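Protein chains: 2
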Amino acid sequence: MSYTIKDVAKKANVSIATVSRILNGQGGYSEKTKSKVLQVIEELGYQPNAVARGLINKRTHTIGVLFPKLSSSLVTDLLDGIEKAANDNGSSVIVCHTESNGEKTIKYLQLLIEKRVDGIIFASEILKEEYHQYITKSKMPLILLSTESYAYPVPFVKVNDYHASYSAAKYLMDKGHTKIGMISGNKEDIIAGKPRIEGFQKALSDHNIPLDDRNIVFSRGFTFPDGVEGLKKLLDQFPDVTAIFGASDEIAIGALSAAYQLGIKVPEDLSVMGYDNLQLAEMSIPPLTTVGQPLAKMGETAAKMLLKMLETGEVPESRIMPHKIIERLSVKERK
Amino acid sequence: MSYTIKDVAKKANVSIATVSRILNGQGGYSEKTKSKVLQVIEELGYQPNAVARGLINKRTHTIGVLFPKLSSSLVTDLLDGIEKAANDNGSSVIVCHTESNGEKTIKYLQLLIEKRVDGIIFASEILKEEYHQYITKSKMPLILLSTESYAYPVPFVKVNDYHASYSAAKYLMDKGHTKIGMISGNKEDIIAGKPRIEGFQKALSDHNIPLDDRNIVFSRGFTFPDGVEGLKKLLDQFPDVTAIFGASDEIAIGALSAAYQLGIKVPEDLSVMGYDNLQLAEMSIPPLTTVGQPLAKMGETAAKMLLKMLETGEVPESRIMPHKIIERLSVKERK
DNA sequence: ATCATTTACGTAAACGTTTACGTAAATGAA
DNA sequence: TTCATTTACGTAAACGTTTACGTAAATGAT
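Line by line, the protein sequences are chains P and S. For the first sequence, my numbering gives the first residue as 7, with consecutive numbering after it. For the second sequence, my numbering gives the first residue as 7, with consecutive numbering after it.
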């Protein structure tokens with residue numbers, strides 16, 4: 007195959023130990039032999055074998071990332087941040103997409119553990135007991151990203167969904183709206199579903215806005231079709247609604263589409279607000295006002311936390327990232 | 007750390023060779039010892055060390071993928087396919103994003119080579135001479151995805167941009183349009199820029215439609231802002247245009263946005279067509295008619311080709327993937 | 001000049017596997 | 001029963017590194 011440290015040593019008339027020391031800049035060699043060895047390395051085009059290094063150092067400089075699916079902007083933005091931070095640190099990232107499937111997830115975890123990745127980032131999905139046990143048994147460092155575990159003390163980075171949702175609803179009220187509806191995601195989802203619903207409800211009730219069943223429609227997921235269906239249902243059960251809050255940008259954009267089909271003008275007849283601030287959000291018509299999560303930053307933070315954890319051995323503190331209302335053109339002031 | 011094959015061997019009163027044979031199902035052991043060993047493995051929760059395996063087998067079951075950037079739907083869809091095919095094969099994928107930066111790219115290549123990945127997929131970007139040399143010297147199997155090299159015989163998978171663009175223009179003409187404009191990407195880009203421009207031009211001239219400078223505006227990239235700028239320029243230089251073809255979905259959606267701002271109705275006043283069929287395309291208002299590339303399929307194909315190349319040692323043939331007009335609502339028939 | 005210390009290396013074990021080779025016991029054929 | 005063959009293992013080398021330990025030569029102090 008390719009050249010090894012042995013070939014370099016032989017050609018430079020030194021021992022492999024010396025080559026290794028030079029490669030790692032540890033001292034214990036003269037300038038003369040150093041330049042000699044470096045020259046040989048150059049000549050041969052020698053590339054150190056990270057697999058052998060990994061075996062002896064017990065560090066692979068690789069981290070594993072688990073996402074429910076890859077083809078979603080949300081995931082992409084997170085991944086972007088993770089990859090950036092990992093690369094700055096000289097590490098690479100292995101991506102896995104679990105399709106929210108238990109068996110697949112376990113299979114991936116096994117793979118990552120066998121590959122001896124340095125740590126795992128588990129993103130955008132609920133950490134089931136089974137997963138947690140499996141990871142814990144292997145003593146693999148773990149960070150949760152855009153999700154959180156109530157049952158286990160696993161460090162996470164995420165925004166506060168409850169607060170973010172509250173502030174979205176408040177924003178709508180500040181704009182003069184009182185007939186406010188929500189197209190929620192899955193209400194069984196205790197991470198991204200329930201808190202957003204409850205934050206919304208709390209905001210309305212704190213401001214004495216009547217609130218009952220007709221204000222909210224519950225979708226199955228957080229997707230575009232959920233949004234188009236959602237708007238239709240909401241309009242059925244709450245015809246005089248003037249502003250709606252979608253639990254994700256995709257939902258909101260679905261609502262935008264449905265509104266367009268129905269001849270409802272946004273924001274003139276209806277204000278629409280989203281959640282996530284995906285890249286999509288600035289490309290919609292009209293550009294979507296939304297509550298922004300700093301996705302790339304979050305990914306970066308998670309990776310940095312993991313990396314620091316590897317260095318220091320200490321479990322880092324979880325991070326609640328700031329959310330922010332991104333004002334664009336899909337919400338109109340109402341007098 | 008975790009248990010090794012030695013621990014298993016000791017506890018089961020056999021040699022490590024026997025454990026290894028059982029683990030790899032190679033025969034040469036009795037049923038009795040097999041079940042004994044399996045039981046010990048279960049008890050200890052032993053997980054084989056893929057790093058050690060990689061060292062001796064010279065196969066890491068990992069492939070590296072290089073993208074210009076991660077946060078783009080195009081890349082995501084490709085990645086999705088790659089990851090699926092790799093996983094079906096028991097391999098994992100390391101993602102890298104080069105930011106189209108020469109130095110970064112070389113650094114990533116070096117990383118991947120040092121990690122001894124089994125092969126590399128280089129996606130959506132021009133394979134510079136420097137890259138090609140570097141990879142060739144390392145004898146690393148290489149597949150090009152959604153790009154192609156004219157200078158080197160590297161197998162690729164991609165659609166025929168020239169043809170695809172031709173058929174987009176033809177589609178517009180078939181719908182009765184004769185004043186057709188194009189917002190192109192970067193015309194210096196000989197993979198995704200030039201062929202699409204030339205395919206468009208050829209289609210018009212084949213159908214005797216007059217064609218000059220005012221038909222095409224050249225953007226710097228393929229992004230949303232390029233689209234919004236592009237439309238404005240095009241309208242300036244070609245006010246009576248009735249249909250436009252954007253060299254990417256993002257460009258087309260940018261044009262949609264600009265049109266909306268300008269009070270131009272799509273498709274009533276102006277038809278708009280894109281290229282890529284990103285997930286975006288069905289979420290736009292109106293849903294975008296576009297020429298679709300089977301992105302996930304392409305990613306899958308590239309990964310499969312690479313994997314097969316590793317098995318057989320033969321260089322596979324390049325694959326031209328079919329494109330297809332995806333009819334949605336952004337183009338209107340004109341009588 | 002002598003001794004202690006430092007410098008500049010080399011040797012060999014270790015990391016956790018796979019596998020070529022060897023061998024004793026079991027099996028089968030005659 | 002005897003010999004050949006097969007079965008079921010064990011031993012040890014190899015993969016390409018890092019590093020603890022040892023040591024001869026160089027340097028410095030006196």
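All C-beta atoms in this analysis are idealised placements derived from N, C-alpha and C, irrespective of residue type, glycine included. Remember, predicted model here, so these are calculated numbers, not experimental data.
Cβ distance (whole Å) where residue i is taken to contact residue j below 8 Å
i	j	result
V14 (chain S)	V43 (chain S)	7 Å
S211 (chain S)	L217 (chain S)	6 Å
F228 (chain S)	I186 (chain S)	Their Cβ separation, rounded to whole angstroms, is 19 Å, which puts F228 (chain S) and I186 (chain S) out of contact at 8 Å.
I222 (chain S)	M188 (chain S)	5 Å
S8 (chain P)	L313 (chain P)	The Cβ separation is near 29 Å, so there is no contact.
S130 (chain S)	F73 (chain S)	6 Å
M311 (chain S)	P159 (chain S)	No, M311 (chain S) and P159 (chain S) are not in contact; Cβ-Cβ is about 14 Å, not under 8 Å.
V57 (chain S)	V57 (chain P)	6 Å
V234 (chain S)	S263 (chain S)	6 Å
I22 (chain P)	K40 (chain P)	15 Å between Cβ atoms; not a contact.
Proximal residues of chain P, C-beta to C-beta of residue i below 8 Å
i	result
A119 (chain S)	According to the sequence as given, residue 119 (chain S) is Ile; it is not Ala. In chain order: Q53.
Y281 (chain S)	In chain order: nothing, as chain P lies at least about 16 Å away.
I259 (chain S)	M289
V57 (chain S)	V57, G60, L61, T66, K121 and R122
Chain-ordered chain P contacts of residue i [CB-CB under 7 Å]
i	result
S263 (chain S)	M289 and I291
K310 (chain S)	Residues of chain P passing the Cβ test: none, with the nearest at roughly 17 Å.
L217 (chain S)	Under the 7 Å cutoff, chain P gives no residues; its nearest Cβ is about 30 Å from L217 (chain S).
Y168 (chain S)	Here the premise fails: no neighbours, minimum Cβ distance about 27 Å.
Any chain S beta carbon closer than 8 Å to residue i
i	result
D94 (chain P)	no
F230 (chain P)	yes
Q299 (chain P)	no
T66 (chain P)	yes
Y137 (chain P)	no
Q243 (chain P)	no
Residue-level contact to chain P via CB, residue i, 8 Å cutoff
i	result
T307 (chain S)	no
S11 (chain S)	Before going further, note that residue 11 (chain S) is Ile rather than Ser in the sequence given. It does not; no Cβ of chain P falls within 8 Å.
V99 (chain S)	yes
R334 (chain S)	no
S8 (chain S)	yes
K45 (chain S)	The residue asked about is misnamed: residue 45 (chain S) is Gln in this sequence, not Lys. Not closer than 8 Å to any Cβ of chain P, the Cβ of Q45 (chain S) fails to qualify, so no.
E109 (chain S)	no
Check whether residue i and residue j have beta carbons under 8 Å apart
i	j	result
A309 (chain S)	I88 (chain S)	yes
S26 (chain P)	I47 (chain P)	no
A253 (chain S)	Y281 (chain S)	yes
I197 (chain P)	E154 (chain P)	yes
L286 (chain S)	M289 (chain P)	yes
F230 (chain P)	I270 (chain P)	no
D255 (chain P)	L301 (chain P)	no
N316 (chain S)	D124 (chain S)	Inspection of the sequence shows that residue 316 (chain S) is occupied by Leu rather than by Asn. A contact, by the Cβ cut-off of 8 Å.
Q53 (chain P)	S144 (chain S)	yes
V99 (chain P)	I69 (chain P)	yes
I326 (chain P)	V101 (chain P)	no
Residue nearest to residue i in terms of C-alpha spacing, selected from the options
i	options	result
P201 (chain P)	P:T296, P:Q285 and P:S173	P:S173
G305 (chain P)	P:Y35, P:G33 and P:D86	P:D86
K238 (chain P)	P:A198, P:Y266, P:S254 and P:S106	P:Y266
I215 (chain S)	S:Y168, S:H183 and S:A129	S:H183
N360 (chain P)	S:E49, S:H103, S:V20 and S:K90	Shown here, chain P extends from 7 to 341; a query on residue 360 (chain P) therefore has no answer.
K121 (chain S)	S:S78, S:P231, S:T248 and S:L61	S:L61
A170 (chain S)	S:E256, S:I331 and S:K193	S:I331
V278 (chain P)	P:L268, P:V321 and P:K338	P:K338
P328 (chain P)	P:F206, P:D167 and P:F128	P:D167
E333 (chain S)	S:F162, S:E323 and S:P292	S:P292
R220 (chain P)	P:Q243, P:L301 and P:R65	P:Q243
E135 (chain S)	S:M311, S:Y156 and S:V321	S:Y156
E105 (chain P)	P:F128, P:V123 and P:G191	P:F128
G191 (chain S)	S:D232, S:H213 and S:Y177	S:D232
S336 (chain S)	S:T248, S:L268 and S:K303	S:T248
K208 (chain S)	S:K176, S:E235, S:G236 and S:K193	S:K176
N283 (chain P)	P:L268, P:K341 and P:I257	P:I257
Cross-chain neighbours of residue i in chain P, by beta carbon under 9 Å
i	result
D86 (chain S)	K75, L76, S77 and H103
E317 (chain S)	What E317 (chain S) touches in chain P: nothing, since even the nearest Cβ is about 18 Å away.
E89 (chain S)	L76, V101, C102 and H103
Chain S contact residues for residue i, given Cβ-Cβ distances below 7 Å
i	result
D83 (chain P)	S77
Proximal chain S residues relative to residue i, where beta-carbon distance stays under 9 Å
i	result
S144 (chain P)	S8, G51 and Q53
Y266 (chain P)	I291 and P292
Residue i: contacting residues in chain S (beta-carbon distance under 8 Å)
i	result
L286 (chain P)	L286 and M289
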